[in-house]
Amino acid sequence: MKIYNTLTRTKEEFVPINEGKVGIYVCGPTVYDFIHIGNARPMIVFDTLRRYLEYKGYEVNFVSNFTDVDDKIIKRANEQGVDSKVISEKYIEEAKKDMASMNVREATTHPKATEEIPDMIEMIRILIDKDYAYEVNGTVYFRTRKFKEYGKLSKKNIDDLRSGNRDLLVSGEDEKEDSLDFVLWKPKKEGEPSWESPWGEGRPGWHLECSVMSKKYIGDVIDIHAGGEDLIFPHHENEIAQSEAANGTEFARYWMHNGFLKINNEKMSKSLGNFFTVREIADKYPLQVIRFFMLSAHYRSPLNFSADLVESSKNGLDRILTAVDKLRGFANNANNGSDAAIEKELAAYEDKFDAAMDDDLNTADAISVIFELVKFANVNITADTPKDTAVKALSVIEKLCDVLGIITEKEEELLDSDIEALINERQEARKAKNFARADEIRNMLSDMGIILEDTREGVKWKRA
Numbered sequence: 003m004k005i006y007n008t009l010t011r012t013k014e015e016f017v018p019i020n021e022g023k024v025g026i027y028v029c030g031p032t033v034y035d036f037i038h039i040g041n042a043r044p045m046i047v048f049d050t051l052r053r054y055l056e057y058k059g060y061e062v063n064f065v066s067n068f069t070d071v072d073d074k075i076i077k078r079a080n081e082q083g084v085d086s087k088v089i090s091e092k093y094i095e096e097a098k099k100d101m102a103s104m105n106v107r108e109a110t111t112h113p114k115a116t117e118e119i120p121d122m123i124e125m126i127r128i129l130i131d132k133d134y135a136y137e138v139n140g141t142v143y144f145r146t147r148k149f150k151e152y153g154k155l156s157k158k159n160i161d162d163l164r165s166g167n168r169d170l171l172v173s174g175e176d177e178k179e180d181s182l183d184f185v186l187w188k189p190k191k192e193g194e195p196s197w198e199s200p201w202g203e204g205r206p207g208w209h210l211e212c213s214v215m216s217k218k219y220i221g222d223v224i225d226i227h228a229g230g231e232d233l234i235f236p237h238h239e240n241e242i243a244q245s246e247a248a249n250g251t252e253f254a255r256y257w258m259h260n261g262f263l264k265i266n267n268e269k270m271s272k273s274l275g276n277f278f279t280v281r282e283i284a285d286k287y288p289l290q291v292i293r294f295f296m297l298s299a300h301y302r303s304p305l306n307f308s309a310d311l312v313e314s315s316k317n318g319l320d321r322i323l324t325a326v327d328k329l330r331g332f333a334n335n336a337n338n339g340s341d342a343a344i345e346k347e348l349a350a351y352e353d354k355f356d357a358a359m360d361d362d363l364n365t366a367d368a369i370s371v372i373f374e375l376v377k378f379a380n381v382n383i384t385a386d387t388p389k390d391t392a393v394k395a396l397s398v399i400e401k402l403c404d405v406l407g408i409i410t411e412k413e414e415e416l417l418d419s420d421i422e423a424l425i426n427e428r429q430e431a432r433k434a435k436n437f438a439r440a441d442e443i444r445n446m447l448s449d450m451g452i453i454l455e456d457t458r459e460g461v462k463w464k465r466a
């Protein structure tokens with residue numbers, strides 16, 4: 003398999019550190035709200051990477067964190083008058099629900115930043131001892147210029163980085179030895195969670211968290227470090243600097259970054275009114291369609307989210323699911339025996355699928371192969387096809403779809419009476435202020451393609 007390595011800007015043959023095993027670290031969301039559709043892309047893409055590596059026989063240690071201490075979490079907690087842990091725990095659970103709805107498997111480990119503070123303090127100690135970090139009035143900074151390879155991932159020249167770059171600057175700039183030095187530990191402020199440290203009460207810097215969690219759950223060197231391309235600088239650049247300075251070894255062998263997601267050809271932002279959570283999208287489309295849509299483009303390409311493109315993905319997925327249903331019928335009813343010529347063609351489609359995925363996880367081409375296979379099956383697999391061959395055709399399509407995380411079971415369509423009963427139950431739950439159950443029913447109906455609209459005249463519904 004070849005992977006495009008952001009570090010070298012080339013496609014490289016993937017060779018794991020330990021034969022047969024792969025350690026992958028993916029930067030997870032900051033949990034202060036429901037995850038948005040932009041968060042969904044790396045979740046889906048790198049879940050697919052994991053699935054494909056496992057399909058190829060690797061044992062994968064997949065680590066993806068939750069950033070559960072952050073300015074945004076603290077702000078939300080203060081607004082609601084609750085402890086920041088209440089906010090982070092709530093949205094971790096909501097994120098897991100959305101991930102499950104997109105058929106994103108749980109990580110081998112989902113570390114939380116707040117549970118790894120002692121190890122973060124230890125890494126800061128090491129960096130201070132090695133003269134890569136220094137403390138001023140309770141804040142600990144990393145000496146950016148001391149790390150000679152700074153900028154090797156983002157290809158930025160440290161001398162060209164102006165001190166006005168807000169991505170690198172932090173409060174207390176006048177205390178720093180250099181305007182480009184970044185924070186490893188920040189002192190406590192009123193109304194913020196904090197932990198004891200040799201430098202006083204405070205909390206870790208964001209960049210440090212991922213360095214420590216990846217080291218603990220994977221090791222000093224990661225096979226693949228992944229995330230959105232917006233994290234290349236400064237987050238991943240800073241991770242490299244502090245990890246390699248502390249550990250004295252390479253931090254990650256391969257760096258993978260997915261492209262940006264746009265909404266109707268515009269950057270997603272709340273100010274433009276085109277900011278959507280996964281939960282909001284689920285009210286309009288089954289999340290399996292969203293997964294299929296996300297994988298229909300190469301992960302490094304920018305992706306434009308629009309109603310027309312998603313509708314096209316819905317139709318494409320329906321074609322595949324209809325073909326699978328048809329094959330199930332033939333596999334159940336066909337006569338025993340096999341057709342060697344057809345099975346040879348099926349094996350060729352598997353090889354073609356593997357070739358696409360081996361070429362830097364090209365899911366777009368892999369989906370094209372599945373469409374070709376569906377077309378072949380529709381023409382060549384009939385009620386007269388021997389049972390073993392029909393079963394083989396079904397097995398191949400299901401296996402390739404599973405690698406992409408596409409569920410091939412068609413959900414049974416609800417009867418109108420079933421829908422009305424669930425809507426009534428939802429209304430009763432809302433009256434009883436059981437909003438969790440009300441939301442659960444709405445999401446359940448949404449996943450089944452039922453769109454609800456709350457109006458003054460009552461709840462109206464339609465099939466998607």
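3 is the number of the first residue of the sequence shown in this note's numbering; add one for each residue after it.
Backbone N, C-alpha and C define an ideal beta-carbon position, used for all residues, glycine too.
Inset, instruction - Please name the residue or residues paired with Thr111 in a DSSP beta bridge. - result: For the purposes of this step, residue 111 is identified with residue 109 of the sequence shown, where counting begins at 1. Paired residues: Val65.
Inset, instruction - Find out if the Cβ-Cβ distance for the pair Arg205, Ser196 is shorter than 7 Å. - result: Taking the first residue of the sequence shown as position 1, residue 205 is located at position 203. Taking the first residue of the sequence shown as position 1, residue 196 is located at position 194. The answer is yes: Cβ separation under 7 Å.
Inset, instruction - Note down the Cα distance separating Ile27 from His209, rounded to an integer number of angstroms. - result: Reading the sequence shown from its first residue, position 25 is the one you call residue 27. Reading the sequence shown from its first residue, position 207 is the one you call residue 209. According to the sequence as given, residue 27 is Tyr; it is not Ile. Spanning the two alpha carbons is a distance of roughly 14 Å.
Legend entry - Given 8 Å, three or more beta-carbon pairs between the segment 345-353 and the segment 389-403: yes
Inset, instruction - Assign Asn337 to one of three DSSP states: helix, strand, or coil. - result: Taking the first residue of the sequence shown as position 1, residue 337 is located at position 335. In the structure shown, Asn337 sits in coil (DSSP, three-state: anything other than H, G, I, E or B).
Legend entry - Distance, Ile128 Cα to Tyr351 Cα: Taking the sequence shown and counting its residues from 1, the one referred to as residue 351 is at position 349. Taking the sequence shown and counting its residues from 1, the one referred to as residue 128 is at position 126. Taking the straight line joining both Cα atoms gives about 52 Å.
Legend entry - Presumed contact (8 Å Cβ cut-off) between Ile76 and Ser86, rounded CB distance: As a position in the sequence shown, residue 76 is number 74, starting the count at 1. As a position in the sequence shown, residue 86 is number 84, starting the count at 1. The pair is a contact, with the Cβ atoms about 5 Å apart (cut-off 8 Å).
Inset, instruction - Return the residue from the list Val88, Gly230, Tyr219, Glu400 that minimises the CA-CA distance to Leu305. - result: By one-based count along the sequence shown, residue 305 stands at place 303. Of the candidates Val88, Gly230, Tyr219, Glu400, the one whose C-alpha sits nearest the C-alpha of Leu305 is Gly230.
Legend entry - Counterpart residues of Met258 in DSSP-defined beta bridges: Sequence index remark: in the sequence shown, residue 258 carries index 256 (1-based). Partner(s): Ala228.
Legend entry - CB contact flag (Arg78, Val62, <7 Å): Position 76 of the sequence shown, counted from the first residue, corresponds to residue 78. Position 60 of the sequence shown, counted from the first residue, corresponds to residue 62. No; because the gap between Cβ atoms is not below 7 Å, this pair is not in contact.
Legend entry - Pairwise C-alpha distance: Thr387 and Asn337: Counting from 1 along the sequence shown, the entry for residue 337 is found at position 335. Counting from 1 along the sequence shown, the entry for residue 387 is found at position 385. Distance between the alpha carbons of Asn337 and Thr387 is about 7 Å.
Inset, instruction - Work out the CA separation of Ala97 and Asp133 for me, nearest whole Å. - result: Mapped onto the sequence shown, residue 133 falls at position 131. Mapped onto the sequence shown, residue 97 falls at position 95. Cα-Cα distance, rounded: 39 Å.
Inset, instruction - Look at Gly25 and Asp222 and say whether their C-beta atoms are less than 7 Å apart. - result: What you label residue 25 is simply residue 23 of the sequence shown in a count that begins at 1. What you label residue 222 is simply residue 220 of the sequence shown in a count that begins at 1. No, these two residues do not count as a Cβ contact at 7 Å.
Inset, instruction - Mind reading off the beta-carbon distance from Leu399 to Leu375? Whole number of angstroms is fine, and I expect it under 8 Å. - result: Taking the first residue of the sequence shown as 1, we reach residue 399 at position 397. Taking the first residue of the sequence shown as 1, we reach residue 375 at position 373. Per the sequence shown, the amino acid found at residue 399 is Ile instead of Leu. Rounded, the Cβ-Cβ distance is 6 Å, consistent with contact.
Inset, instruction - Kindly give me the distance between the Cβ atoms of Ala109 and Phe149, rounded to whole angstroms, as I take these residues to be in contact under 8 Å. - result: Here residue 109 refers to the residue found at position 107 of the sequence shown. Here residue 149 refers to the residue found at position 147 of the sequence shown. The Cβ separation is near 29 Å, so there is no contact.
Legend entry - C-alpha distance - Ile383 paired with Leu311, whole-angstrom precision: Here residue 383 is taken as the residue at index 381 of the sequence shown, counted from 1. Here residue 311 is taken as the residue at index 309 of the sequence shown, counted from 1. Their Cα atoms are separated by approximately 30 Å.
Inset, instruction - Can you tell me which of Tyr60, Thr141, Cys29 puts its alpha carbon nearest to the alpha carbon of Ile19? - result: Against the sequence shown, residue 19 aligns to sequence position 17. It is Tyr60.
Legend entry - Chain-order list of residues whose beta-carbon lies under 8 Å from that of Ile89 (same chain, five-residue window excluded): Counting from 1 along the sequence shown, the entry for residue 89 is found at position 87. Closer than 8 Å at the Cβ level, and outside the excluded window around Ile89, lie Val33, Tyr34, Ile75, Arg78, Ala79, Gln82.
Legend entry - Closest residue to Asp449 among Asp100, Leu406, Met258, Lys154 (Cα-Cα distance): As a first step, residue 449 is located in the sequence shown; it is residue number 447 there, counting from the start. When only C-alpha atoms are compared, the closest one is Asp100.
Inset, instruction - Quick one: measure Cβ to Cβ for Ala135 and Leu186, integer angstroms, because I've assumed they're closer than 8 Å. - result: Position 133 of the sequence shown, counted from the start, is the residue given in the question as residue 135. Position 184 of the sequence shown, counted from the start, is the residue given in the question as residue 186. Contact flag correct, Cβ pair sits at about 6 Å.
Legend entry - Element boundaries [alpha helix (DSSP H), containing Gly40]: As a position in the sequence shown, residue 40 is number 38, starting the count at 1. Start and end: 39-57.
Legend entry - Residues of its chain near Asp232, where Cβ-Cβ distance is below 8 Å and the 5 sequence neighbours each way are ignored: Locating residue 232 in the sequence shown gives position 230, counting from the first residue. For Asp232, where only same-chain residues beyond five positions count, the Cβ hits under 8 Å are Phe262.
Legend entry - Cβ-based neighbour list, Asn41, same chain, cut-off 7 Å, excluding 5 preceding and 5 following: Here residue 41 is taken as the residue at index 39 of the sequence shown, counted from 1. Excluding residues within five positions, the ones whose Cβ falls inside 7 Å are Pro31.
Legend entry - Own chain residues within Cβ distance below 8 Å of Gly339, not counting five before or after: Locating residue 339 in the sequence shown gives position 337, where the first residue counts as 1. Excluding positions up to five away in sequence, the list reads Pro388, Lys389, Asp390, Thr391.
Legend entry - Beta-bridge partners of Trp197, as assigned by DSSP: Sequence index remark: in the sequence shown, residue 197 carries index 195 (1-based). Per DSSP, Gly204.
Inset, instruction - Count the CB pairs spanning the segment 442-458 and the segment 284-294 that are closer than 8 Å, and state whether there are at least three. - result: yes
Inset, instruction - Determine, using beta carbons only, whether Val398 comes closer than 7 Å to chain C. - result: You won't find chain C in this structure, because it holds only one protein chain.
Legend entry - Own chain, CB closer than 7 Å to Arg428, minus 5 neighbours either side, in chain order: As a position in the sequence shown, residue 428 is number 426, starting the count at 1. Answer for Arg428: Ala440, Ile443, Arg444, listed in chain order.
Legend entry - Touching by the beta-carbon criterion (3+ pairs, under 8 Å), the segment 294-304 and the segment 324-338: Output reads no: the segment 324-338 does not touch the segment 294-304.
Inset, instruction - Work out the CA separation of Lys272 and Arg11 for me, nearest whole Å. - result: Mapped onto the sequence shown, residue 11 falls at position 9. Mapped onto the sequence shown, residue 272 falls at position 270. Each residue's alpha carbon lies about 33 Å from the other.
Inset, instruction - Count the other C-beta atoms from every protein chain shown that fall within 10 angstroms of the C-beta of Glu239, then say buried if there are 16 or more, exposed otherwise. - result: Mapped onto the sequence shown, residue 239 falls at position 237. Result: buried.
Legend entry - Proximity of Asn260 and Tyr301 at Cβ, strictly below 7 Å: Numbered from 1 along the sequence shown, position 258 holds the residue referred to as residue 260. Numbered from 1 along the sequence shown, position 299 holds the residue referred to as residue 301. Yes, Cβ-Cβ distance for Asn260 and Tyr301 is below 7 Å.
Inset, instruction - Could you please give me the residues that DSSP links to Arg458 through a beta bridge? - result: If you number the sequence shown from 1, residue 458 lands on position 456. None, per the DSSP bridge assignment.
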